[in-house]
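Undergrad: First residue of the sequence shown: 68, per this note's numbering; consecutive thereafter.
By construction, the Cβ of each residue, glycine as well, lies at the ideal position given by its N, Cα and C atoms.
Predicted model only: the values in this text are computed from it and were never measured.
Got a structure for you, questions after.
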Amino acid sequence: MSLEQEINKRKTFGIIAHPDAGKTTLTEKLLLFGGAIQEAGAVKSNKIKKGATSDFMEIERQRGISVATSVLAFEYKGKKINILDTPGHKDFAEDTYRTLTAVDSAIVVIDVAKGVEEQTIKLVEVCRMRNIPMLVFINKMDREGKDAFDLMDEVETKLGLSVTPLSWPIGIGATFKGIYNIWEKNINIFTGDNKQKISETTQIEDLTSPDLDKLIGENYAENLRNELDLVNGVYPEFDQQEYMKGNLQPVFFGSALNNFGVRELLNAFVDIAPTPQSKETDVRIVEPYENKFSGFVFKIHANMDPKHRDRLAFVKIVSGKFERNTNYLHVRQGKSMKFASPNAFFADKKEVVDESYAGDIVGLHDTGNFRIGDTLTSGEKFNFKGIPAFSPEHFRYINNADPMKAKQLEKGIDQLMDEGVAQLFTLEMNNRKVIGTVGALQYEVIQYRLEHEYGAKATYEPFSVHKACWIEVEDENTEEFREFKRVKQRYLARDKYNQLVFLADSAFTIQMTQEKFPSVKLHFVSEF
Ligand code: GDP
Numbered sequence: 068m069s070l071e072q073e074i075n076k077r078k079t080f081g082i083i084a085h086p087d088a089g090k091t092t093l094t095e096k097l098l099l100f101g102g103a104i105q106e107a108g109a110v111k112s113n114k115i116k117k118g119a120t121s122d123f124m125e126i127e128r129q130r131g132i133s134v135a136t137s138v139l140a141f142e143y144k145g146k147k148i149n150i151l152d153t154p155g156h157k158d159f160a161e162d163t164y165r166t167l168t169a170v171d172s173a174i175v176v177i178d179v180a181k182g183v184e185e186q187t188i189k190l191v192e193v194c195r196m197r198n199i200p201m202l203v204f205i206n207k208m209d210r211e212g213k214d215a216f217d218l219m220d221e222v223e224t225k226l227g228l229s230v231t232p233l234s235w236p237i238g239i240g241a242t243f244k245g246i247y248n249i250w251e252k253n254i255n256i257f258t259g260d261n262k263q264k265i266s267e268t269t270q271i272e273d274l275t276s277p278d279l280d281k282l283i284g285e286n287y288a289e290n291l292r293n294e295l296d297l298v299n300g301v302y303p304e305f306d307q308q309e310y311m312k313g314n315l316q317p318v319f320f321g322s323a324l325n326n327f328g329v330r331e332l333l334n335a336f337v338d339i340a341p342t343p344q345s346k347e348t349d350v351r352i353v354e355p356y357e358n359k360f361s362g363f364v365f366k367i368h369a370n371m372d373p374k375h376r377d378r379l380a381f382v383k384i385v386s387g388k389f390e391r392n393t394n395y396l397h398v399r400q401g402k403s404m405k406f407a408s409p410n411a412f413f414a415d416k417k418e419v420v421d422e423s424y425a426g427d428i429v430g431l432h433d434t435g436n437f438r439i440g441d442t443l444t445s446g447e448k449f450n451f452k453g454i455p456a457f458s459p460e461h462f463r464y465i466n467n468a469d470p471m472k473a474k475q476l477e478k479g480i481d482q483l484m485d486e487g488v489a490q491l492f493t494l495e496m497n498n499r500k501v502i503g504t505v506g507a508l509q510y511e512v513i514q515y516r517l518e519h520e521y522g523a524k525a526t527y528e529p530f531s532v533h534k535a536c537w538i539e540v541e542d543e544n545t546e547e548f549r550e551f552k553r554v555k556q557r558y559l560a561r562d563k564y565n566q567l568v569f570l571a572d573s574a575f576t577i578q579m580t581q582e583k584f585p586s587v588k589l590h591f592v593s594e595f
């Protein structure tokens, strides 16, 4: 197969959802269709349970699962499909944001009864910012829930999407009978009380046909015709280009648990979802079909076993072909590296591979060379853009509780920050270290890991910060900037990349600062 054919086979995507909407269940059903797993229950949920805050064994167990489910690949209809796992738990949102830099499209799962939930809003916003093509799957149609039209409205208003249905439910909850597939113009009907079985798929080209009445009964047929009339009147026709640009999002209905509507989703997905896309660097745009390999690190996973300290760096291949035992340039460090045992991921295992292609993810064993966002190339010097850090929500000073172990603490903090567990800010005034996180859970994870992996002891101290603002000034030599630095000196810090950050203690402070120092631009994202 040619390079281009290999790359065109690949579809790499992420499923985003609020916890409990059905991401794990849907993933499993997709893998079942691909024949990648044999039975339900094979995919472990990597959910961090609510009570986990103080249960480290649970966190570890979950972390172990999360490496196993980081990438799940399967073949379907001649395509190679890579699913990248995205934690739904809000304390791990930053992980999910970064993973979304490595997908070419996304499926958004929504619970029919709960509608659009908080995490969904945040994650969809990130996809929207990057114009990532999205499909929407309304799940749990076997339960009583919101009306399909109301839900479509909610998706438009709360998620800011423009939707058009490609499948339509026939009934809901107890009366849920099946799905009309708008994309393929056919009907799947449940049979049996348990709604587990799908009778033959029936092609219905003409909705006015009496066959429809025979199939689902006159009342349902009448209702379906009316609803589809309305659908036609209200929603635009599906347009591939608009979907690819992130301007139009097709919607599917179904029940992942009952494996209903999933095949409709998957068939449409393999037809319409994008193949690997080009990506911007600081020098030029890189196309997937270029002969030379390039890729970037979007996730680093540490081995929790202290005896095996190596880490696994997840690299999304952006262009060309990655080969085992071949020299590549680690651009940030300016050094050449080769990898003897790169891992590729399959449904339920990882294996050493000789070659992988643009769109794929390879796992590289790493002893501390990689940092999230690092670029690997075949020799050319450029850096992929677009792994920004967002302002953390929580901030605490971190102190050394064991003076004999200062080095270990330093190294531990450094490596944990490289993994992207949290963000480190070093205060300009006194070099004190401040750790910023998305959720309180991370502080416990960090403390625990520092102790168990690095033999260091850390304590925290409260530090009241509302938001981290990355600073942009055109000219550092103005009176205004000097004055800003003088007034705010206690709140100025450097991030891991030595960028200047203002740790503002309130929304009011931010507003006042903007008014008083208009030439100092404040950003809530590290890349601007
Ligand atoms: P995740 O947190 O998004 O990964 O959600 P899970 O896949 O773990 O599902 C959460 C719960 O919803 C589990 O108890 C599932 O069995 C259940 N569930 C998932 N899909 C459906 C569905 O289509 N119908 C019903 N009734 N329950 C479902």
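Note down the Cα distance separating residue 192 from residue 278, rounded to an integer number of angstroms.
TA: Distance between the alpha carbons of residue 192 and residue 278: 43 Å.
Undergrad: Return the chain-ordered list of same chain residues with a C-beta closer than 8 Å to the C-beta of residue 219, the five sequence neighbours on each side being excluded.
TA: Taken in chain order, the residues that qualify are 230, 232, 302 and 318.
Undergrad: Which same chain residues end up closer than 6 Å to residue 589 when comparing Cβ atoms and leaving out the 5 residues on each side of it in sequence?
TA: Cβ neighbours of residue 589 beyond the five flanking positions: 536.
Undergrad: Any idea if residue 325 is buried or exposed, counting beta-carbon neighbours within 10 angstroms, 16 or more meaning buried?
TA: The residue in question, residue 325, is buried, as its Cβ has 16 or more Cβ neighbours within 10 Å.
Undergrad: Verify the contact flag: residue 88, CB atom, against every heavy atom of the ligand GDP, threshold strictly below 7 Å.
TA: Checking the Cβ of residue 88 against the ligand GDP gives yes.
Undergrad: Quick check on this structure: which residue in 159, 388, 288 and 382 has the alpha carbon closest to the alpha carbon of residue 360?
TA: Of the candidates 159, 388, 288 and 382, the one whose C-alpha sits nearest the C-alpha of residue 360 is 388.
Undergrad: Give me whichever residues DSSP pairs with residue 201 in a beta bridge.
TA: According to DSSP, residue 201 bridges with 173.
Undergrad: Whole-angstrom Cβ separation of residue 148 and residue 101, contact assumed at under 8 Å?
TA: Contact holds; Cβ gap of about 7 Å.
Undergrad: Given that a residue counts as buried once 16 or more other Cβ atoms are within 10 Å of its Cβ, and exposed if not, what is residue 470?
TA: Exposed, since its Cβ has fewer than 16 Cβ neighbours within 10 Å.
Undergrad: Can you say whether residue 510 is buried or exposed, counting buried as having 16 or more other CB atoms within 10 angstroms of its CB?
TA: Under this definition residue 510 is a buried residue.
Undergrad: With DSSP collapsed to three states, give me the class of residue 180.
TA: Three-state DSSP puts residue 180 in coil, outside helix and strand.
Undergrad: Mind checking residue 275: buried by the 16 CB within 10 Å criterion, or exposed?
TA: Burial call: exposed.
Undergrad: Assign residue 121 to one of two classes, buried (16 or more other C-beta atoms within 10 Å of its C-beta) or exposed (fewer than that).
TA: Confidence is the limiting factor: at residue 121 the pLDDT is only 48, short of 50, which leaves the residue's position unreliable and the question unanswerable from this model.
Undergrad: Mind checking who residue 464 pairs with in its DSSP beta bridge?
TA: Residue 464 pairs with 501 and 528.
Undergrad: According to DSSP, what are the bridge partners of residue 536?
TA: DSSP output for residue 536 lists 569 as bridge partner(s).
Undergrad: Measuring only the C-alpha atoms, how far is residue 513 from residue 507?
TA: Rounded to whole angstroms, residue 513 to residue 507 spans 10 Å at the Cα level.
Undergrad: I want to check one thing, is the minimum distance from the CB of residue 215 to the heavy atoms of the ligand GDP below 7 Å?
TA: It does not: the Cβ of residue 215 is nowhere closer than 7 Å to a heavy atom of the ligand GDP.
Undergrad: May I have the straight-line CA-CA distance separating residue 447 from residue 73, to the nearest angstrom?
TA: Straight-line Cα distance between these residues: approximately 23 Å.
Undergrad: Within its chain, find whatever has a CB closer than 6 Å to the CB of residue 358; leave out the 5 residues flanking it on each side and keep chain order.
TA: Around residue 358: 387.
Undergrad: Taking only three categories from DSSP, how would you classify residue 439?
TA: Three-state result, residue 439: coil.
Undergrad: Would you kindly report the start and end of the unbroken alpha helix (DSSP H) that includes residue 151?
TA: Here residue 151 belongs to no alpha helix (DSSP H); instead the beta strand (DSSP E) covers 146-151.
Undergrad: What's the C-alpha gap between residue 70 and residue 429?
TA: Cα to Cα, the separation comes out at about 17 Å.
Undergrad: For residue 181 versus residue 347, is the C-beta spacing smaller than 8 Å?
TA: Cβ distance not < 8 Å, so residue 181 and residue 347 don't count as in contact.
Undergrad: Should residue 234 go down as buried or exposed, given a rule of 16 or more other Cβ atoms within 10 Å for buried?
TA: Classification of residue 234: buried, given that the 10 Å Cβ count is 16 or more.
Undergrad: Using C-beta distances below 8 Å, list every residue in its chain close to residue 331, excluding the 5 sequence neighbours before and after it, in chain order.
TA: Excluding sequence neighbours, residue 331 sits near 233, 234, 246, 248, 250, 251, 255, 319 and 321.
Undergrad: So, using beta-carbon positions, are residue 151 and residue 166 closer together than 8 Å?
TA: For residue 151 and residue 166, yes; Cβs fall inside 8 Å.
Undergrad: Can you confirm whether the region 449-464 touches the region 498-505 when touching is taken to mean that 3 or more C-beta pairs between the two stretches lie within less than 8 Å?
TA: In short, these stretches touch, since the Cβ pair count reaches three.
Undergrad: Mapping DSSP to helix, strand and coil, what is residue 347?
TA: Correct three-state label for residue 347: strand.
Undergrad: Tell me where the beta strand (DSSP E) around residue 490 begins and ends.
TA: Element bounds for residue 490: 490-494.
Undergrad: Below 7 Å, is the gap between the Cβ of residue 330 and the nearest heavy atom of the ligand GDP?
TA: The answer is no for residue 330.
Undergrad: Going residue by residue through the region 197-244, where are the continuous alpha helix (DSSP H) segments of at least 4 residues, counting only ones entirely within it?
TA: You should have 215-226.
Undergrad: So what's residue 186 in DSSP terms, helix, strand or just coil?
TA: Helix at residue 186.
Undergrad: Once you ignore the five residues that flank residue 68 on each side, which residues in its own chain have a CB closer than 7 Å to its CB?
TA: Hits under 7 Å: none found.
Undergrad: Cα separation between residue 338 and residue 97?
TA: Residue 338 and residue 97: Cα-Cα distance of roughly 15 Å.
Undergrad: Below 8 Å, can you find three or more Cβ-Cβ pairs linking the region 387-407 to the region 82-90?
TA: No: fewer than three Cβ pairs fall under 8 Å.
Undergrad: Around the Cβ of residue 529, are there at least 16 other Cβ atoms within 10 angstroms (buried) or fewer (exposed)?
TA: Exposed.
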